[in-house]
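Comments concern the structure below.
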Amino acid sequence: MWSKLSIDMEKLEIKKEPIEKEYKELGGRALIAQYLIRNVPPTCDPLGSENQLVICNTIFAGTKLTTAHRLSIGGKSPLTGGIKESNAGGNAAYQLANQGIKMVVVKNIPKEKGLWFAHIDSKGNVSLEDANIYKGINNYEFVEKINERYGDKVAVISIGIGGERLYKSASIQVTEFNSNHPSRAAARGGLGSLMGSKCLKAIVIENPVEKYKVEYADEGKFNESCLKFNKMIAAGAKKDPFHNFGTISTIEATGANGILPVDNFSGKLFPEYQEVGVNKFMTNLSARGGRNKIPCQPGCVIQCSNCYNDKDGKYLTSGFEYETIALFGPNCHISDLDAIAQMDRICDNLGVDTIETANAIAMCMESGKINWGDSEAVISLLKEMEDGTEFGNLIGNGCEAVGKHLGVERIPVVKHQALAGYDPRNTKGTGITYATSPMGADHTAGLTMGRAFEDAGRTAQAYVSNKLQVAICFSDSMMCLFAFAHAANNLPLLGELVASLYGGEADFSRVAAMGVKTLLTERQYNKMAGMTIEDDRLPGFFYKDKSFATGSKFDINDYELEVLFDF
Amino acid sequence: MITVNNREINYKIGMSVYDALQESGESINNMTLVVVDEKVIALDKLKDEILNNGMNIKLLHIVSGG
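Next up, the structure:
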């Protein structure tokens, strides 16, 4: 039976107990939603003792389903003030599953100042260890030290100084499969500062001597469905740009269509977008000994990750993704891929969200504090964040904090969280998702770009956003989003997989119902936290200012946004 | 010969990527990546990009984002 690890930071106790029956058949985002609404008061202080950090596996953890080992992390967000689920790849979910642990809950705050990390050893023993010697150490160095102490077969979930300093942009980093680079990020919503408020530096998970054996309702049937599923995803992956090149391939579409944000969502085109596109990226990889087609977790067939080296062939960063490239790149008028890679490395190391940080940097450029396109000035500002200067700490608190401080009018945030790399005027369905998702301006909650073109009309845009937001609620409970993009070809198979694992009807409607319930629970949580329909809006400038590229404004009206979830 | 998504079509001197796609009957949209011998060709450059005999064209469709 799956276990839950409870860590009480006030008593400094850690114990393993059977997971509660009500959460047994849940995982990922669905589990986080149901746990938080029952156990974390929506009006609590996100950095106070009543908030809880929840880390969990997906519904299919421990099985051979491709991308099943996605790690979901949740809590009340210090950035949005609402419910947050943020997920990451890497090897931690897989190691937790091997240990038989479905979920980790971190509660309360220590009575005295200190820093700890949780350790799960190869025999499944759990302990809280003193981490004071690691205070102020960032993720890359921290993981190296942990590898020296426990070997390189461990998985590490950690915070850098971003989390220790309680930055609202703080991420939680996860080590990548094989390489152990702490380059996978549960980035959005400042959950790193929630972890930091608990004085928990890391969770270190050794590979167990004896692997946990999943209990199936019908193992034979599950294996048959799983094989079918994995083959379907692998076939889809072959034609997927993410498998072939990585998420950087997205820029080839957004750059050409006015969806790529440029100069703080000015609506302009960036003619040099291919300088930070696939061809440049692949040329650099090939010339410098970098690699793509890397799985971030065991058994992944999408393999969208990469390892990017500098011009001298030395390792620089991994998991170099579209969002970071778009937002530190054209949105800051920067076309130097190497400089952006350095920014990516700095953010992963410090443990801050690249989307939030890059948007904060754009605020500095919009205000004239630094020039558009000045990548050296950007790196200096990131250094200020590392050094903990007054302005550096402000950047750590994200786009809205910096924008307001500098008197910027056009601040691209929803529910205080910065927009991702898609201009909502030219992908209106995505704009609807940004506005209405309980997660804030989160593209992964329902990016319609590939499924609803602008000539489909407003009704179609809203329809696709609604459908995708529900779908991603169950997808985020089961697997990686990029695998789900290909699973959509045979949704009933998901019902078969759930039934053969947990029993009951092999009916897709139970999966869809889980998605609806998760989304409605999250919306209810946010309502109880004090959010209103006013929080389900884009910033005013997207409604007023036309995109130069297409002439389009975000013209979805308030009523259309309000009725989106009238089920 | 030119291959388009693993299907062979006859090569003609001066054939552009656009011509090859027309010949093959493959359709593209704003979310399609046109890849020729592992190099991405921008959609507005398809008519300018001239092919050599033996080149391989792959069409990859973006269905997600990240």
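Sequence order for the protein chains is A and B.
Numbers 0 to 566, taken from numbering that gives the first Met the number 0, label the letters of the first sequence in order.
Numbers 0 to 65, taken from numbering that gives the first Met the number 0, label the letters of the second sequence in order.
Even for Gly, the Cβ is constructed at its ideal location relative to N, Cα and C.
A:Pro240: contacting residues in chain D (beta-carbon distance under 8 Å):
Of the protein chains in the structure, A and B, none is chain D.
A:Phe116, enclosing beta strand (DSSP E) - first and last residue:
For the purposes of this step, residue 116 of chain A is identified with residue 117 of the first sequence, where counting begins at 1. Under the DSSP assignment, A:Phe116 falls in the beta strand (DSSP E) whose first and last residues are 115–119.
For B:Arg6, is the classification buried or exposed, using 16 other Cβ atoms within 10 angstroms of its Cβ as the cut-off for buried?
The sequence position of residue 6 of chain B within the second sequence is 7, counting from 1. It counts as exposed.
Chain-ordered chain B contacts of A:Glu84 [CB-CB under 8 Å]:
Here residue 84 of chain A refers to the residue found at position 85 when the first sequence is read from its first residue. The premise fails here: A:Glu84 is roughly 16 Å from chain B at the closest Cβ pair, so nothing lies under 8 Å.
Looking at C-beta atoms only, is the number of pairs between the region 455–464 of chain A and the region 26–35 of chain B that lie closer than 8 Å three or more?
With the cut-off at 8 Å, the region 455–464 of chain A and the region 26–35 of chain B do not touch.
Should A:Val142 be labelled buried (16 or more other beta-carbon atoms within 10 Å of its own) or exposed?
Within the first sequence, the letter at position 143 stands for residue 142 of chain A. By the neighbour-count rule (16 or more Cβ atoms within 10 Å), A:Val142 is buried.
Using 8 Å as the cut-off, can you tell me whether the region 50–64 of chain A makes contact with the region 263–278 of chain A, which would need three or more C-beta pairs spanning the two stretches below that distance?
Because the criterion of three Cβ pairs below 8 Å is not met, the region 50–64 of chain A and the region 263–278 of chain A do not touch.
Determine the closest residue to A:Ala60 out of A:Lys101, A:Gln33, A:Val351, with distance taken between C-alpha atoms.
As a working note, residue 60 of chain A is residue 61 in the first sequence. Ranked by Cα distance from A:Ala60, the options A:Lys101, A:Gln33, A:Val351 are led by A:Lys101.
The alpha helix (DSSP H) spanning B:Arg6 covers which residue range?
For the purposes of this step, residue 6 of chain B is identified with residue 7 of the second sequence, where counting begins at 1. Here B:Arg6 belongs to no alpha helix (DSSP H); instead the beta strand (DSSP E) covers 6–8.
Close beta carbons around A:Met342, own chain, < 6 Å, minus the five adjacent residues each side:
Position 343 of the first sequence, counted from the first residue, corresponds to residue 342 of chain A. Closer than 6 Å at Cβ, skipping near neighbours: Phe327.
Taking C-alpha atoms, which residue in A:Glu521, A:Ala512, A:Gly430 lies nearest to A:Asn556?
Position 557 of the first sequence holds residue 556 of chain A. Checking every option, the nearest Cα to that of A:Asn556 belongs to A:Gly430.
Assign B:Gln21 to buried or exposed, taking buried as 16 or more other Cβ atoms, counted over all protein chains shown, within 10 Å of its Cβ.
Here the question's residue 21 of chain B lines up with position 22 in the second sequence. Exposed, by the Cβ-count rule.
Closest by C-alpha distance to A:Asp129, when choosing among A:Ala201, A:Val510, A:Thr388, A:Gly162:
Here residue 129 of chain A is taken as the residue at index 130 of the first sequence, counted from 1. Nearest neighbour of A:Asp129 by Cα position, chosen from A:Ala201, A:Val510, A:Thr388, A:Gly162, turns out to be A:Ala201.
Start and end residues, beta strand (DSSP E) containing A:Lys101
If you number the first sequence from 1, residue 101 of chain A lands on position 102. Under the DSSP assignment, A:Lys101 falls in the beta strand (DSSP E) whose first and last residues are 100–106.
Would you call the region 499–513 of chain A and the region 525–532 of chain A in contact, with 3 or more CB pairs under 8 Å?
Cβ pair count under 8 Å is below three, so no.
Do you know how far the Cα of A:His332 is from the Cα of A:Gly420?
Within the first sequence, residue 420 of chain A is the residue found at index 421, counting from 1. Within the first sequence, residue 332 of chain A is the residue found at index 333, counting from 1. A:Gly420 and A:His332: Cα-Cα distance of roughly 13 Å.
Alpha carbon to alpha carbon, how far is A:Ala498 from A:Pro411? Give it in angstroms, no decimals.
Against the first sequence, residue 411 of chain A aligns to sequence position 412. Against the first sequence, residue 498 of chain A aligns to sequence position 499. Using only the alpha carbons, I get a separation of about 43 Å.
Whole angstroms is fine: what's the gap from A:Gly397's alpha carbon to A:Gly439's?
On the first sequence, position 398 is the one that residue 397 of chain A refers to. On the first sequence, position 440 is the one that residue 439 of chain A refers to. Taking the straight line joining both Cα atoms gives about 14 Å.
Go through its chain and collect everything with a Cβ distance to A:Gln94's Cβ below 7 Å, but skip five positions before and after it.
Residue numbering aside, residue 94 of chain A sits at position 95 when the first sequence is read from its first letter. Taken in chain order, the residues that qualify are Ala154, Ile204, Asn206.
With DSSP collapsed to three states, give me the class of A:Ser178.
Position 179 of the first sequence, counted from the first residue, corresponds to residue 178 of chain A. Coil, per DSSP.
How far does the beta strand (DSSP E) with B:His60 in it extend, from its first residue to its last?
Counting from one through the second sequence, the residue named residue 60 of chain B turns up at place 61. In the DSSP assignment, B:His60 falls within the unbroken beta strand (DSSP E) covering 55–60.
Under 7 Å from the C-beta of B:Lys38: neighbouring residues of chain A:
The count along the second sequence starts at 1 and reaches residue 38 of chain B at position 39. B:Lys38 reaches chain A at Asn278, counting residues in chain order whose Cβ is nearer than 7 Å.
Sequence-distant residues of the same chain with beta carbon closer than 7 Å to A:Glu322, five excluded per side
In the first sequence, counting from the first residue as 1, residue 322 of chain A sits at position 323. So the list reads Thr353, Ile354, Ala419, Gly420, once near-sequence residues are dropped.
Write down the C-beta distance between A:Ile108 and A:Ser48 rounded to the nearest angstrom, noting that I regard them as a contact closer than 8 Å.
The residue given as residue 108 of chain A occupies position 109 in the first sequence. The residue given as residue 48 of chain A occupies position 49 in the first sequence. About 5 Å separates the beta carbon of A:Ile108 from that of A:Ser48, a gap short enough to meet the 8 Å contact definition.
Span of the beta strand (DSSP E) around B:Ile1
Taking the second sequence and counting its residues from 1, one reaches residue 1 of chain B at position 2. B:Ile1 -> beta strand (DSSP E) spans 1–3.
Can you list, in chain order, the residues of the region 138–171 of chain A whose Cβ is nearer than 9 Å to any Cβ on chain B?
The region 138–171 of chain A vs chain B, Cβ under 9 Å: nothing.
Determine the burial state of B:Ile49: buried for a count of at least 16 other Cβ atoms within 10 Å of its Cβ, exposed for fewer.
For the purposes of this step, residue 49 of chain B is taken as residue 50 along the second sequence, with counting starting at 1. Answer is exposed; the Cβ neighbour count stays below 16.
Give the residues of chain B in contact with A:Ser248, contact being defined as C-beta atoms less than 8 Å apart.
In the first sequence, residue 248 of chain A corresponds to position 249, counting from 1. The answer, in chain order, is Leu32, Val39, Leu59, Ile61.
Within 8 Å (strictly less), CB to CB, does A:Glu533 reach chain B?
Translated into positions along the first sequence, residue 533 of chain A becomes position 534. It does not: the Cβ of A:Glu533 has no partner Cβ on chain B nearer than 8 Å.
Which of helix, strand or coil DSSP assigns to A:Arg183
As a first step, residue 183 of chain A must be located in the first sequence, where it is residue number 184. When secondary structure is reduced to three states using DSSP, A:Arg183 falls in the strand class.
Where B:Asn29 meets chain A, residues with beta-carbon distance less than 8 Å:
Numbered from its first residue, the second sequence carries residue 29 of chain B at position 30. The contacting residues are Ala252, Ala255, Asn256, Phe452.
Are three or more beta carbon pairs between the region 63–71 of chain A and the region 385–402 of chain A nearer than 8 Å?
The region 63–71 of chain A vs the region 385–402 of chain A: no contact.
Nearest candidate by alpha-carbon position, reference B:Val3, set B:Ile61, B:Val62, B:Asn52
Position 4 of the second sequence holds residue 3 of chain B. Across the set B:Ile61, B:Val62, B:Asn52, the C-alpha of B:Asn52 shows the shortest separation from the C-alpha of B:Val3.
Relative to the alpha-carbon of A:Tyr542, which residue among A:Thr388, A:Arg409, A:Arg69 has its alpha-carbon at the smallest distance?
Position 543 of the first sequence, counting from 1, holds the residue named residue 542 of chain A. A:Tyr542 has its Cα closest to that of A:Arg409, out of A:Thr388, A:Arg409, A:Arg69.
Under three-state DSSP, which class holds A:Glu12?
Here residue 12 of chain A refers to the residue found at position 13 when the first sequence is read from its first residue. DSSP places A:Glu12 in strand when its eight states are reduced to three.
Using the Cβ count rule (16 or more neighbours within 10 Å means buried), how would you classify A:Asp151?
Here residue 151 of chain A corresponds to residue number 152 of the first sequence, with the count starting at 1. Of the other Cβ atoms in all chains shown, fewer than 16 fall within 10 Å of the Cβ of A:Asp151; this residue is therefore exposed.
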